[in-house]
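Residue numbers (the numbering used here): 74 to 187. Idealized CB from N, CA, C, for every residue including glycine. All figures in this text were calculated on a predicted structure; none of them were measured in a lab. One structure is given below, encoded as structure tokens.
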Amino acid sequence: GRIDVSFEFKLATQDSIKRLFLKFYSDEKLSKEQLDDLATNYSEQIPNDSFSMAEIVNHLMFNRTSPIKAIEDIDCLINRKLPIINSTKIRMSNDGLEDPEEIYVYPPENMSSP
């Protein structure tokens, strides 16, 4: 027969964000205390129930080479400036730039944010 199962994927809590950060950067050459401090710093800047775990993973992947860079770049996540990666350059969404070299793209207008 057929079995229907539904799962609710709730938005990330600060605790789940911290645990993800610790797991994501576990191979870094930092002491456990240093990494725990960075994870606490990162997770405390993100409000509970504001982002999905996928959005957090996307931000960490964009900053996969450095946990410190992930913290420095947290405004991009908080302000929902989504990285757009293509073969020639990395662009960040932003508004009102005059420099033609800096091409910025917002998510589509009809795309709803949580």
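Endpoints, alpha helix (DSSP H) assigned at residue i
i: Tyr98; result: Premise fails: Tyr98 is in no alpha helix (DSSP H) and is neither H nor E.
i: Phe135; result: 126-135
i: Ile147; result: 147-151
i: Ala85; result: Neither: Ala85 is in no alpha helix (DSSP H) and is coded neither H nor E.
i: Ser116; result: 105-117
Cβ pair residue i, residue j closer than 7 Å
i: Asp146; j: Asn131; result: no
i: Ser125; j: Leu150; result: no
i: Ile144; j: Asn121; result: no
i: Glu106; j: Pro140; result: no
Cβ distance (whole Å) where residue i is taken to contact residue j below 8 Å
i: Leu103; j: Ile129; result: Contact doesn't hold; Cβ gap of about 20 Å is too wide.
i: Lys91; j: Ser116; result: 4 Å
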